[in-house]
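Counting from 296, one number per residue, gives the positions in the sequence shown under my numbering.
C-beta: ideal position from N, C-alpha, C; glycine also.
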Amino acid sequence: MDHLIEIRRDVFDISDRLKEINPSYKVMYNRLKGRFELHGGREMGLILVIPFDRLDARAEEYVRKTRIERLTQIAAEIEEHNSRKAAGAEREAKSLIKDMLKESADRVYHERDN
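Below, the structure written as structure tokens:
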């Protein structure tokens, strides 16, 4: 574990703010992978990878947003996003079918007149 450095103090006190969420949280810098990680002590190990190259408010917000307590809300957000995507795809498919039918009808109408 020589490649992990615990961040106890940082400019924006992010490590302290994360400990307010859960006292077992530790912010670590992984020298091998060049990234910040959130660990939860020996029993929990790596909890998540902080997807930013600096520790700032984004890291705290990311940790808060991805907490297990928000699982129901996160699942609802995913479901809503998927529903919107499906509705958009359905509208697009209906529009395409409508255009194809109109084009076919126009062709039949013009062939009949000739």
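### Query
Looking at C-beta atoms only, is the number of pairs between the region 301-319 and the region 348-359 that lie closer than 8 Å three or more?
Cβ pair count under 8 Å is three or more, so yes.
### Message
Starting from K393, trace the alpha helix (DSSP H) in both directions and tell me its first and last residue.
### Response
Counted from its first residue, the sequence shown places residue 393 at position 98. That run of the alpha helix (DSSP H) goes 366-408.
### Nearest-angstrom beta carbon gap, M323 and I342 [assumed within contact, 8 Å]
Counted from its first residue, the sequence shown places residue 342 at position 47. Counted from its first residue, the sequence shown places residue 323 at position 28. Between I342 and M323 a beta carbon distance of about 10 Å is seen, past the 8 Å cut, so the two are scored as non-contacting.
### Query
CA-CA distance, R337 and L313?
As a first step, residue 337 must be located in the sequence shown, where it is residue number 42. As a first step, residue 313 must be located in the sequence shown, where it is residue number 18. Taking the straight line from one Cα to the other gives about 17 Å.
### Query
Which residues share a DSSP beta bridge with E355?
The residue you call residue 355 lines up with position 60 of the sequence shown. E355 is not bridged to any residue.
### Query
Rounded to a whole number of angstroms, what is the C-alpha to C-alpha distance between R303 and L350?
For the purposes of this step, residue 303 is taken as residue 8 along the sequence shown, with counting starting at 1. For the purposes of this step, residue 350 is taken as residue 55 along the sequence shown, with counting starting at 1. If I take the Cα positions, the gap works out to 12 Å.
### Message
Less than 9 Å between the beta carbons of V344 and R330, yes or no?
### Response
Numbered from its first residue, the sequence shown carries residue 344 at position 49. Numbered from its first residue, the sequence shown carries residue 330 at position 35. Less than 9 Å separates the beta-carbon of V344 from that of R330.
### K314 - containing alpha helix (DSSP H), residue span
Residue mapping note: residue 314 aligns to position 19 of the sequence shown, counting from 1. Run containing K314: 309-316, per the alpha helix (DSSP H) assignment.
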